[in-house]
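S.K.: Residue numbers (this note's numbering): 7 to 320. Cβ atoms here follow ideal geometry from the backbone N, Cα and C, with glycine treated the same way.
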């Protein structure tokens, strides 16, 4: 086991971060991201004197030809590297300082609380650790690239407000592991849901409730606006003899034409009986079906109404 002074000190720097998907993965409590980071460490075995090698102070070697720290995402469903191996090089200086840049697409566990949806805020973390080495064999430090623009890290739905880098050592019975953690604080952009879901739902709900309590007024308005229709229906279903016979025993009982009498409507049809009885008004009774909004002339109710309410001309 290496002593503390001889162990590898590794600096893990977050280069870039792009939130790829959180909406579709929300039911599975996952966050899919494009995670780009660089590791820097010192390997004294790779140092040399530039004077002995034509003043060469740095070289580039393939990843497969040099030892690199085995640091991978923790609590991840999958890890996919975006670059093939032959494109992954490690620059090494004559002092033995090596650095390795990597870009991965990974899905990590992220508990999502939607209590205040769509005005919710979420905290998701990307954890890195070494599965092969303990904390007394390698030491890790976390850093965030100063050129990283937090405003461009999120996507159309999520805005990243802050990034926190920290490191902790977890102890068990006989071993200790060091975990580097990058925590991303995000808030949802509610404009999409407000414009396309909340406002239309509110308007539809308001109209439904308003229509429920104002439906009788709507029926009354429909009835008052349909005077011409009621008159044409009376002319259609009452023949001339019936109209003239009923007109002789009916005085004007309705001040408006048409007007409401109880649950029925009265409409003037006296103009169909000739000039000799124009002094009197004949009213046909029009019923309105409040459920179907259909009007129909009921001759039976007409006869009963006239027999009960008719007043002889004085």
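Kindly indicate which residue of 184, 74, 118 and 85 has the alpha-carbon position closest to the one of residue 34.
M.R.: Ranking the options by Cα distance to residue 34, first place goes to 118.
S.K.: Any chance the segment 182-190 sits against the segment 155-172, with 3 or more Cβ pairs inside 8 Å?
M.R.: Verdict: yes, contact present.
S.K.: Can you find a heavy atom of the ligand COA that lies under 7 Å from the Cβ of residue 104?
M.R.: For the ligand COA, the structure offers nothing, since it holds no ligand at all.
S.K.: State the Cα-Cα distance for the pair residue 18 and residue 184, rounded to the nearest angstrom.
M.R.: Near 12 Å, if we compare the C-alpha coordinates of residue 184 and residue 18.
S.K.: Short check: CB of residue 49 to CB of residue 102, under 8 Å?
M.R.: Yes.
S.K.: What is the DSSP secondary structure of residue 217, counted as helix, strand or coil?
M.R.: Three-state result, residue 217: helix.
S.K.: Cα separation between residue 67 and residue 47?
M.R.: Those two C-alpha atoms are separated by around 15 Å.
S.K.: Tell me which residues share the same chain as residue 175 and place their Cβ nearer than 6 Å to its Cβ, disregarding the 5 neighbours each side in the sequence.
M.R.: Excluding residues within five positions, the ones whose Cβ falls inside 6 Å are 141, 182 and 184.
S.K.: Cβ of residue 107 within 8 Å of Cβ of residue 64?
M.R.: Contact flag unset, no.
S.K.: According to DSSP, is residue 145 part of a helix, a strand, or is it coil?
M.R.: In the structure shown, residue 145 sits in a strand (DSSP, three-state: E or B).
S.K.: Are residue 45 and residue 114 touching if we call contact CB-CB under 8 Å?
M.R.: Result no, Cβ atoms of residue 45 and residue 114 do not sit closer than 8 Å.
S.K.: Tell me whether the beta-carbon of residue 196 lies closer than 8 Å to the beta-carbon of residue 125.
M.R.: It is a contact, given that the beta carbons lie within the stated cut-off.
S.K.: Could you pull the DSSP bridge partners for residue 47 from this structure?
M.R.: Looking at the DSSP assignment, residue 47 forms a beta bridge with 104.
S.K.: At which residues does the beta strand (DSSP E) containing residue 321 begin and terminate?
M.R.: Since the first and last residues shown for the chain are 7 and 320, residue 321 lies out of range.
S.K.: So the candidates are 193, 133, 144 and 178; which of them puts its Cα closest to the Cα of residue 161?
M.R.: The shortest Cα separation from residue 161 among 193, 133, 144 and 178 belongs to 193.
S.K.: Count the other C-beta atoms from every protein chain shown that fall within 10 angstroms of the C-beta of residue 123, then say buried if there are 16 or more, exposed otherwise.
M.R.: Label assigned to residue 123: exposed.
S.K.: Cα separation between residue 201 and residue 180?
M.R.: Cα to Cα, residue 201 sits roughly 56 Å from residue 180.
S.K.: Assign residue 203 to one of three DSSP states: helix, strand, or coil.
M.R.: Residue 203: helix per DSSP, three-state reduction.
S.K.: For residue 193, write down the residues that DSSP places opposite it in a beta bridge.
M.R.: Note: residue 193 sits in a beta bridge opposite 127 and 165.
S.K.: Roughly how many angstroms separate the alpha carbons of residue 59 and residue 152, rounded to a whole number?
M.R.: Approximately 35 Å between the Cα atoms of the pair.
S.K.: What did DSSP end up calling residue 225 once you bin it into helix, strand or coil?
M.R.: Below a pLDDT of 50, predicted positions are generally treated as unreliable, and residue 225, at 45, falls in that range; the measurement from the model is reported next regardless. Residue 225: helix per DSSP, three-state reduction.
S.K.: With which residues is residue 174 paired in a DSSP beta bridge?
M.R.: Note: residue 174 sits in a beta bridge opposite 185.
S.K.: What is the residue span of the beta strand (DSSP E) that residue 79 lies within?
M.R.: 78-80 is the span of the beta strand (DSSP E), which, as asked, contains residue 79.
S.K.: Would you check if the distance between the CB atom of residue 110 and the CB atom of residue 86 is smaller than 8 Å?
M.R.: Yes, these two residues count as a Cβ contact at 8 Å.
S.K.: Starting from the Cα of residue 40, find the closest Cα among 53, 20 and 69 and give me that residue.
M.R.: Answer by Cα proximity: 20.
S.K.: State the DSSP-derived secondary structure class of residue 88, mapped to helix, strand or coil.
M.R.: In this structure, residue 88 counts as coil in the three-state DSSP scheme.
S.K.: Note down the Cα distance separating residue 220 from residue 212, rounded to an integer number of angstroms.
M.R.: Taking the straight line from one Cα to the other gives about 12 Å.
S.K.: Do the CB positions of residue 79 and residue 154 come within less than 8 Å of each other?
M.R.: It is not a contact, given that the beta carbons lie outside the stated cut-off.
S.K.: Which class does residue 40 belong to by DSSP, given the choice of helix, strand or coil?
M.R.: Three-state result, residue 40: strand.
S.K.: Using the beta-carbon count (16 or more within 10 Å), is residue 43 buried or exposed?
M.R.: Residue 43 comes out buried.
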